[in-house]
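K.L.:
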Amino acid sequence: MDALMLDGNAAAGLLQEIFGSEMTTAVGTCHACGTAGEVGGVFLYRGAGLVFRCPQCDAVLMKIVVGGTRRWIDLRGLRALELDLELGT
Ligand SMILES: [Zn+2]
């Protein structure tokens, strides 16, 4: 990992704010390669926004841009996102 690359755990607070649940243990499935893994384990790049990339194939899974009180969320790189609400409390 380089200095600009983190993992999904670094966005835990923002993800919880948006989804209303603990998201680092949610399991996302990459649309490109089909790999499933916890959101906390994906690669996270911070720039003008947050870009979450698949650790297996490097495809973009999710993008989030924060501007004031607004959030723009692009989930098109995820085939599925599985949340266990019992774990998320
Ligand atoms: Zn992938």
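Mapping to this note's numbering: the sequence shown position 81 is 202, numbers consecutive. Cβ coordinates follow ideal geometry from the N, Cα and C atoms, glycine included.
At a cut-off of 8 Å, would you count residue 179 as near ligand 1, judging by its Cβ distance to the nearest heavy atom?
P.N.:
yes
K.L.:
Please classify residue 149 as buried or exposed, where buried requires at least 16 neighbouring CB atoms within 10 angstroms.
P.N.:
buried
K.L.:
Run the proximity test for residue 153: is its beta-carbon closer than 8 Å to any non-hydrogen atom belonging to ligand 1?
P.N.:
Under cutoff, so the answer is yes.
K.L.:
Between the alpha carbons of residue 152 and residue 142, how many angstroms are there, rounded?
P.N.:
22 Å
K.L.:
At a threshold of 8 Å, does residue 190 count as lining ligand 1 (C-beta to nearest heavy atom)?
P.N.:
no
K.L.:
Could you give the residue range of the beta strand (DSSP E) that holds residue 201?
P.N.:
199 to 203
K.L.:
Can you round the beta-carbon distance between residue 198 and residue 160 to whole angstroms, since I take them to be within the 8 Å contact cut?
P.N.:
Actually they do not touch by this definition, with Cβ atoms about 12 Å apart.
K.L.:
Are the beta-carbon atoms of residue 168 and residue 185 separated by less than 9 Å?
P.N.:
no
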